[in-house]
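Student: Got a structure for you, questions after.
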Amino acid sequence: MPSASCTLLMRIGSSARFRRVYRWPVCQSGSPAMSPPPKPRWTDYADFSKMAAQLFSATNRRPAALMSASANHQVLNAFVRARWLAVTLRSRRSLRAHQDQGLTRWCDHVRESFPHHDPDTLTMSKPALMANFSAYNQERLSADEVRLSLASGRVHPDVSCGTSTGTSGNRGLYVISDAERYQWLGTILAKALPDVWRRRHRVAVILPQNSALYQAGNQSRWLQVQFYDLRDGPEQWADQLVAFAPTALVAPPKVLRWLAENADRQHLKPQRIFSAAETLEAPDRRVIEAAFGRQLGQIYMATEGLLGVSCRHGTLHLTEDFVKFDFEWVTNTLATPIITDFSRRYQLMARYPMNDLLHLQDEPCRCGSPLQAVREVVGRQDDVFWFGTTMVTPDILRNAVLNADPTIDDFRVQQRPDETLLLCLPDSLGDAVRTSALNGLSAALERRGVRVNIVPTRLETDDLFTRKLRRVERLRG
1 MPSASCTLLM RIGSSARFRR VYRWPVCQSG SPAMSPPPKP RWTDYADFSK MAAQLFSATN
61 RRPAALMSAS ANHQVLNAFV RARWLAVTLR SRRSLRAHQD QGLTRWCDHV RESFPHHDPD
121 TLTMSKPALM ANFSAYNQER LSADEVRLSL ASGRVHPDVS CGTSTGTSGN RGLYVISDAE
181 RYQWLGTILA KALPDVWRRR HRVAVILPQN SALYQAGNQS RWLQVQFYDL RDGPEQWADQ
241 LVAFAPTALV APPKVLRWLA ENADRQHLKP QRIFSAAETL EAPDRRVIEA AFGRQLGQIY
301 MATEGLLGVS CRHGTLHLTE DFVKFDFEWV TNTLATPIIT DFSRRYQLMA RYPMNDLLHL
361 QDEPCRCGSP LQAVREVVGR QDDVFWFGTT MVTPDILRNA VLNADPTIDD FRVQQRPDET
421 LLLCLPDSLG DAVRTSALNG LSAALERRGV RVNIVPTRLE TDDLFTRKLR RVERLRG
């Protein structure tokens, strides 16, 4: 006999509309394969959330080591809400109406909790945030106070803190309440592991630093999360990872590729694989998917929040159900996102320009979601190359090298402060391939009126696991 939690979610799954979105297994009779009770008569989110409350009461029996009943309830509520939104937001019009409602509530909160800010005109930036950090969080915590708490990850018993990896040279800080931390967990589970209510996933996270966000996952009854410090190098944790036997694996593409080429794949067989924290490039995707025999998804996340998750078709969708995205167009096809997170309350994130370049997809995704699809996260705006007043974006440089010869699967193109370029290629490539890459890069630049000295050099990979991989990088003086 199914548990109360399974029964409830089977009821939710009995909706034909729900099955269409999530591909619920269906018998020939037309009913879900798990033979659920009759279809419930929920008509709005209030009815839907009552079901979540029933599920909460059924899952309230927990070992003492897990998070509190209240925390479990918050995770579950966020999970159900995200799934509900995926079912009900089926057009850009309904999505805009949902965003308008969320922004109205967010503006009311800002006026009440941050009276020194006008939500209608508030515009933020990373330098402004770091210069006056206390003005943008609810308890007026200064950046120095947060830095002193980074070792423990806790500013207060119910407030966590963290930092970015500092790719742009200036580490960002964030503070987040436990309530928002549990909301984040429920949301990402709904988007990345929607079957988590049916099975307890083992999730391996390989990133440069741990976070209270990932720790929240390990405290829940639905997950077992194991963190591996990327900076220690795979020789320190590769065997432990294989022994853990994760069902889901989250790591930068360079790590996933290393595992694809070096790990014991007979025993490392994750069912879900997500690239995170770095730009995913075509050569890496091909190697990873071929080795693991799985579609590679993406999680687009930064200090500023959860910004995108791949759907079942592998398309990256922005989290427009929780974040308002505006765009500053850099070229005809590439845009920089400007975000307002209307789901967060403790720390403001309003009209905040990101440092990323996105190639947005014009056509809708096959999954039917109205959330903006992203063809590619091209790279960082910091890594746009400038030659006088001429701009060359990372995708142009990357494609020029990769298209020169199909055997090229790793490289670096770096611009020095004097505008000289370094083309770094592995020694294993022959002279003919190296010449093709040099000529391809020169031709791509000349088509844009740029003539520049390109210095071929040996590719060094000693720092592969100690710094963020940027194959196209503008070096600072």
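The numbering used here numbers the first residue of the sequence shown as 1 and each following residue consecutively. We put the beta carbon where it would ideally sit given N, CA and C, even for glycine.
What does N132 pair with, by DSSP beta-bridge criteria?
Tutor: Bridge partners of N132: none, in fact.
Student: Using 8 Å as the threshold, is the stretch 367-382 in touch with the stretch 317-330, meaning 3 or more CB pairs across them?
Tutor: yes
Student: Would R474 be called buried (16 or more neighbouring beta carbons within 10 Å of its own) or exposed?
Tutor: buried
Student: Given T247, which residues of its chain have a CB within under 8 Å of its CB, disregarding the five upstream and five downstream residues?
Tutor: Here the set comprises R199, H201, R202, V203, P270, Q271, R272.
Student: Would you mind reading off the limits of the beta strand (DSSP E) that contains H317?
Tutor: 316-318 is the extent of the beta strand (DSSP E) around H317.
Student: Can you tell me which residues form a DSSP beta bridge with Y352?
Tutor: I339
Student: Under a Cβ-count criterion, where at least 16 other Cβ atoms within 10 Å of its own Cβ denotes burial, should E112 be classed as buried or exposed?
Tutor: exposed
Student: Taking DSSP's pairing of strands, which residues face E376 in a bridge?
Tutor: Answer is H359, bridged to E376.
Student: For T461, which three-state DSSP category applies?
Tutor: Note: T461 maps to coil in three-state DSSP.
Student: Between R344, Q372, L422, T457, which has its C-alpha nearest L429's C-alpha?
Tutor: T457
Student: Sorted by chain position, which residues of the same chain lie with C-beta nearer than 6 Å to F118's C-beta, five sequence neighbours on each side aside?
Tutor: According to the sequence as given, residue 118 is Asp; it is not Phe. Excluding residues within five positions, none has a Cβ falling inside 6 Å.
Student: Taking contact to mean at least 3 C-beta pairs separated by less than 8 Å, is the stretch 122-129 in contact with the stretch 331-350?
Tutor: yes
Student: Determine the closest residue to Q361 out of N132, L334, P353, with distance taken between C-alpha atoms.
Tutor: Its Cα nearest to that of Q361, the residue L334 stands out among N132, L334, P353.
Student: Can you grab the Cα-Cα spacing for the pair G314 / S160, in whole Å?
Tutor: Going by the C-alpha atoms only, they are around 32 Å apart.
Student: Drop a sphere of 10 angstroms on the beta-carbon of G233, count the other beta-carbons inside from all chains shown, and report buried for 16 or more, exposed for fewer.
Tutor: Around the beta carbon of G233, a 10 Å sphere encloses fewer than 16 other beta carbons of the protein chains shown; the residue is thus reported as exposed.
Student: Given this structure, state the Cα-to-Cα distance separating A69 from V80, to the nearest angstrom.
Tutor: 16 Å
Student: I need the straight-line Cα distance from F342 to L249, nearest angstrom please.
Tutor: In this model, F342 and L249 are separated by some 29 Å (Cα to Cα).
Student: CB-CB under 7 Å to S436, same chain, minus the five flanking residues each way: which ones, in chain order?
Tutor: Cβ neighbours of S436 beyond the five flanking positions: A404, D405.
Student: Whose CA, out of V75, A251, W184, A238, lies closest to the CA of Q209?
Tutor: Minimum Cα distance to Q209 is reached at A251.
Student: Output needed for A260: all residues of its chain with C-beta closer than 8 Å, excluding positions within five of it in sequence on either side, in chain order.
Tutor: V287, I288, A290, A291, F292
Student: Given R285, which residues of its chain have a CB within under 6 Å of its CB, disregarding the five upstream and five downstream residues?
Tutor: L296
Student: By Cβ distance, which residues of its chain are closer than 7 Å to L129, with the 5 residues on each side in sequence left out?
Tutor: Y136
Student: For L120, I'd like the list of residues in its chain whose CB is within less than 8 Å of its CB, leaving aside the five on either flank, ordered along the chain.
Tutor: Looking at the sequence itself, residue 120 is Asp, so the reference to Leu does not match. Correct list, in chain order: C107.
Student: Just list the residues that DSSP pairs V203 with in beta bridges.
Tutor: V225, A248
Student: Going by DSSP in three states, Y300 sits in which element: helix, strand or coil?
Tutor: The answer is strand: DSSP assigns Y300 an E or B state.
Student: Considering only residues of the same chain and omitting the five flanking positions on each side of H267, which have a CB-CB separation below 6 Å?
Tutor: V242
Student: Is the beta carbon of Y182 sitting closer than 8 Å to the one on Q74?
Tutor: yes
Student: Given that a residue counts as buried once 16 or more other Cβ atoms are within 10 Å of its Cβ, and exposed if not, what is P417?
Tutor: exposed
Student: Decide if T187 is buried, meaning its Cβ has at least 16 other Cβ atoms within 10 Å, or exposed.
Tutor: buried
Student: Compare the C-alpha of F325 against each of L141, N72, Q372 and name the closest.
Tutor: Q372
Student: Can you tell me whether V374 is buried or exposed? The criterion is at least 16 other CB atoms within 10 Å of its CB, across all chains shown.
Tutor: buried
Student: Pull up the distance between the alpha-carbon of V450 and that of L423, whole angstroms please.
Tutor: 16 Å
Student: If you draw a straight line from the C-alpha of R265 to the C-alpha of A245, how long is it?
Tutor: 10 Å
Student: What do you get for V472, buried or exposed, if any count of 16 or more other CB atoms within 10 angstroms of its CB means buried?
Tutor: By the 10 Å Cβ count, V472 comes out buried.
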